[in-house]
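Each step along the sequence shown adds one to the number in our numbering, with nothing skipped, and position 36 is 258.
Yeah, the Cβ is synthetic: ideal placement off N, Cα and C, and Gly gets one too.
First up is the structure itself, then whatever we jot down about it.
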Amino acid sequence: MLDAILFERVGVPAIAVVTEPFRATGEAMATSWGMPGYRFLEVPHPIANLDDKQLDERADRLVEEVLALLRRASS
């Protein structure tokens with residue numbers, strides 16, 4: 223989460239991906255680093271029990287949303 227916030231602070235578009243239980247933590251971190259309202263890409267929890275194929279399938283479904291967020295950040 224912090225990596226994406228730090229990249230954004232220096233003008234590099236970035237996306238932080240968080241699972242649902244960590245959204246509040248991400249929002250608090252963004253606020254404490256001076257970026258309230260920072261947009262996170264939230265994915266279903268948990269992911270630790272998924273195999274590589276399942277993770278790849280989830281990632282494939284997120285590509286368009288990631289691109290849209292990056293385009294919005296750079297405009």
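query: State the start and end residues of the unbroken alpha helix (DSSP H) segment that holds L224.; result: 224 to 231
query: Determine, using beta carbons only, whether A250 and I237 come nearer to each other than 8 Å.; result: no
query: Please return the same chain residues whose Cβ sits closer than 8 Å to the Cβ of L284, not counting the five positions on each side in sequence.; result: V239, L263, V265
query: If you draw a straight line from the C-alpha of F244 to the C-alpha of A281, how long is it?; result: 18 Å
query: With a CB to CB cut of under 8 Å and the five nearest residues on each side skipped, what residues in its chain are close to R231?; result: W255, G256, M257
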